[in-house]
Amino acid sequence: MASAVLLTVLPATSSMAEQTRVPVMSQADRAAVGDLPQAGQSKAQVRDKFGSPLEIEAPVGQPPITRWHYAEFIVYFEQGRVIHTVVKPR
30 MASAVLLTVL PATSSMAEQT RVPVMSQADR AAVGDLPQAG QSKAQVRDKF
80 GSPLEIEAPV GQPPITRWHY AEFIVYFEQG RVIHTVVKPR
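Be aware that the sequence shown starts at 30, since it is given in the working numbering, and climbs by one per residue.
Here it is in structure tokens:
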């Protein structure tokens, strides 16, 4: 009975997230690029080590995620810190 009440009290929610599927054989080789920005690094640390990005995309979503594009990779930031780096396919 308690679970039935709980189900009627709580609204049904769904989360939507953008997903990108990359076939395994087309994924970029991280080792071929060499050094990459690491999770937790600040924007200043990334800029000092890798230079200015070719493009900076405005923050999107909640929490805001910012993307910096470099020639060989894209860096994803949340609250000014690297959360992920993706190597571009060649």
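Virtual Cβ for every residue (Gly too), placed ideally from N, Cα, C. It should be emphasised that the depicted structure is a prediction, and the values quoted were computed from it without experimental measurement.
Cα-Cα separation, residue i to residue j
i    : j    : result
I94  : G63  : 24 Å
Q70  : P88  : 17 Å
R119 : P92  : 30 Å
I112 : Y99  : 16 Å
D77  : G90  : 27 Å
E82  : Q108 : For the sequence presented, residue 82 should be read as Pro rather than Glu. Near 18 Å, if we compare the C-alpha coordinates of Q108 and P82.
Residues of its chain near residue i, where Cβ-Cβ distance is below 6 Å and the 5 sequence neighbours each way are ignored
i   : result
E86 : R96
Run of the alpha helix (DSSP H) containing residue i, from where it starts to where it stops
i   : result
R76 : K72 to F79
Span of the beta strand (DSSP E) around residue i
i    : result
R110 : R110 to V116
Cβ separation of residue i and residue j, assumed to be a contact under 8 Å, to the nearest whole Å
i    : j   : result
F102 : K72 : With 8 Å as the limit, F102 and K72 do not qualify as a contact, their Cβ atoms being about 15 Å apart.
Same chain, Cβ closer than 8 Å to residue i, five either side skipped, listed in chain order
i   : result
L65 : R59, F102, T114 and V116
Own chain, CB closer than 7 Å to residue i, minus 5 neighbours either side, in chain order
i   : result
F79 : P66 and Y99
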